[in-house]
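Single-structure report; data block below.
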Amino acid sequence: TPGKSRITFELYEKNWKHALEVFGKNQVSSYLLTGFGETPDEFILGAEKVISLGVIPYITPVRSIPGMKDLPSSNPNSMIEIYSKAAKLMKEYGVNPLKSKAGCVRCGGCSAINEAFFVLKN
């Protein structure tokens, strides 16, 4: 959404913490888009900040919008690496997307983060 880039990380952090107080553990998530030219390691550094707060990272590749600047397709191997590393971090920080009760994480249709966590867990 236009304008989100003007919101500071600190404000997001404040709101995530409040949401965790209201909804509880494993019930707060945030979309994290990948595919803007960052490396998997750069992406994971940012994702760890979110995960360390107790927020589930709902990771999806960015998709070009018709009429806008074309973005390159996400590399499937990079996506597997990102999902795997994020799942390991969630396990390390005690964040479990499989316990989410509602919303995008519960549905799981737009991200493979649930599957990555499930595979790691089993």
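Using this note's numbering, read the sequence shown as starting at 73 and increasing by one per residue. Heads up, the beta-carbon is just placed ideally off N, CA and C, and yes, glycines get one too.
State the start and end residues of the unbroken alpha helix (DSSP H) segment that holds residue i.
i      : result
LEU192 : 185-193
ALA91  : 81-95
When DSSP labels each residue in this structure, what does residue i get in the three-state scheme?
i      : result
ILE152 : helix
PRO112 : helix
PRO138 : coil
ASN168 : coil
CYS182 : coil
GLY75  : coil
ALA174 : coil
SER146 : coil
LEU125 : coil
Taking the continuous beta strand (DSSP E) assigned at residue i, which residues delimit it?
i      : result
LEU104 : 101-106
ILE131 : 128-133
Please classify residue i as buried or exposed, where buried requires at least 16 other C-beta atoms within 10 Å of its C-beta.
i      : result
SER172 : buried
THR80  : exposed
SER183 : buried
May I ask you to verify whether the segment 169-180 touches the segment 137-147, counting CB pairs closer than 8 Å and requiring at least 3? no
Counting pairs of Cβ atoms below 8 Å between the segment 104-113 and the segment 153-167, do you hit three or more? yes
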